[in-house]
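Okay, structure first, notes after.
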Amino acid sequence: MAIIYLCRECSGRGKVKQKRMFMTKEIVCPKCKGTGKLKTEKLKKPS
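In structure tokens form, the structure reads like this:
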């Protein structure tokens with residue numbers, strides 16, 4: 009069974025702030041792809 013928890017990068021919002029020179033824009037979180045939640049199955053490395 010997978011354990012679902014909040015993404016640490018965006019803290020469950022699904023968006024992160026990206027700074028470029030003088031501008032700051034919000035983009036979709038690359039880690040959770042905008043859902044705001046992660047499963048433990050994704051993080052396990054194949055052995």
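Per our numbering: the sequence shown = residues 9 to 55. Just so it is clear, CB atoms sit at the ideal spot from N, CA and C, and this is done for glycine as well. Please read all numbers here as calculations on a predicted model, not as lab measurements.
Assuming contact is defined by CB atoms lying nearer than 7 Å, are residue i and residue j in contact in what I supplied?
i: G22; j: C37; result: yes
i: K45; j: I12; result: yes
i: A10; j: K41; result: no
Identify whether residue i lies in helix, strand or coil by the three-state DSSP scheme.
i: T43; result: coil
Along the chain, where does the beta strand (DSSP E) containing residue i start, and where does it finish?
i: E34; result: M31 to V36
i: R16; result: Segment: none, R16 is in no beta strand (DSSP E) and carries neither H nor E.
i: R28; result: K23 to R28
Give me the residue from the options with the minimum Cα distance to residue i.
i: E34; options: C18, T48 and K47; result: C18
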